[in-house]
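Input: a single structure, listed below in structure tokens.
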Amino acid sequence: MHSASNIVLIGPMGAGKSALGRRIASHFALRFVDTDALIEQRTGTSIPIIFDVEGEDGFRAREKAIISEVCALHGQVIATGGGAVLDSENQYAIKQAGLVVYLRVSLAEQIRRVANDRNRPLMATADPAERLQQLAQQRDPIYQGLADLRFTTDAMNAEAASERVITRLAGLPRLQHLIARKDELQ
4 MHSASNIVLI
14 GPMGAGKSAL
24 GRRIASHFAL
34 RFVDTDALIE
44 QRTGTSIPII
54 FDVEGEDGFR
64 AREKAIISEV
74 CALHGQVIAT
84 GGGAVLDSEN
94 QYAIKQAGLV
104 VYLRVSLAEQ
114 IRRVANDRNR
124 PLMATADPAE
134 RLQQLAQQRD
144 PIYQGLADLR
154 FTTDAMNAEA
164 ASERVITRLA
174 GLPRLQHLIA
184 RKDELQ
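When we follow the working numbering, the leftmost residue of the sequence shown carries the number 4, and every step to the right adds one.
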């Protein structure tokens, strides 16, 4: 098994990719990149507005360019958007970028976390629970196929979940060269 250049977080919206990603990156003294936030930064507007103006296809094209760019770099924790894995080129880039960590969340917990979030265009529906179930059926097999590690984030706050992930990552031989940088920086 080759050594990893990055830690890439995948999973559905509300699983904690951004919150945990920041904590993991800070712990290991790595750069944190949230692909959705980077899209917003580069466009100067929000994802819901991108969806309104360009549609989902326009957003996915922007996302694909960002995934390609970010995954080519090293020494990062990358939080991807929930739908980034739908594109086969994104799947390849994510898998090649490093260790892929699938953050899972139950449907009930996901509904609690995101159903009323106006910043999530895919939740602009009469039945958010049904929409989340459809997305899970479509995406879960892809997440499972890409993942090197899997963690469920239900019933945990960001601190507890990130500590669990950090403990597991710290023990992986293929990450030692990447996370050893923390010791060099202290």
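A virtual CB, placed ideally from N, CA and C, is assigned to each residue, including glycine.
All values reported here derive from a predicted model rather than from experimental measurement.
Looking at residue j and residue i, is the spacing between their C-beta atoms short of 8 angstroms?
i, j, result
"Leu110", "Thr156", "no"
"Leu12", "Ala82", "yes"
"Val73", "Ala150", "no"
"Ala161", "Arg26", "yes"
"Phe35", "Val80", "yes"
Report, in whole angstroms, the separation of the C-beta atoms of residue i and residue j, which I expect to be a contact under 8 angstroms.
i, j, result
"Gly17", "Gln113", "5 angstroms"
"Ser8", "His77", "4 angstroms"
"Leu23", "Val168", "6 angstroms"
"Ala96", "Ile70", "5 angstroms"
Ignore the nearest five residues each way along the sequence and tell me which others in residue i's own chain have a CB closer than 6 angstroms to its CB.
i, result
"Ala40", "none"
"Ser2", "There is no way to answer for residue 2, as the model of the chain reaches only from 4 to 189."
Could you give the distance in angstroms between the alpha-carbon of residue i and the alpha-carbon of residue j?
i, j, result
"Ile42", "Arg65", "7 angstroms"
"Asp60", "Leu89", "12 angstroms"
"Pro131", "His180", "42 angstroms"
"Ala75", "Arg153", "23 angstroms"
"Pro51", "Arg63", "13 angstroms"
"Thr170", "Gly19", "17 angstroms"
"Pro176", "Gln141", "32 angstroms"
"Arg115", "Ala139", "15 angstroms"
"Ile10", "Ala163", "19 angstroms"
"Ser2", "Arg45", "Lying before the first or after the last residue shown, residue 2 is absent from the chain, which here runs from 4 to 189."
In chain order, what residues of the same chain lie with their CB nearer than 7 angstroms to the CB of residue i, ignoring the 5 residues before and after it?
i, result
"Gly84", "Thr38, Asp39 and Glu66"
"Lys98", "Leu149"
"Tyr146", "Ile13, Gly14, Val88 and Tyr105"
"Asn93", "Lys67, Ile70 and Ala87"
Which term fits residue i, buried or exposed, when burial requires 16 or more other beta carbons within 10 angstroms of its beta carbon?
i, result
"Pro15", "buried"
"Val56", "exposed"
"Ser21", "buried"
"Gly58", "exposed"
"Leu178", "buried"
Excluding sequence positions up to five away, which residues of its chain have a Cβ less than 8 angstroms from the Cβ of residue i?
i, result
"Ala158", "Glu112"
"Gln136", "Leu110"
How about residue i: is its Cβ closer than 7 angstroms to a heavy atom in the ligand PLP?
i, result
"Ile145", "The ligand content of the structure shown is nil, which means the ligand PLP is not present either."
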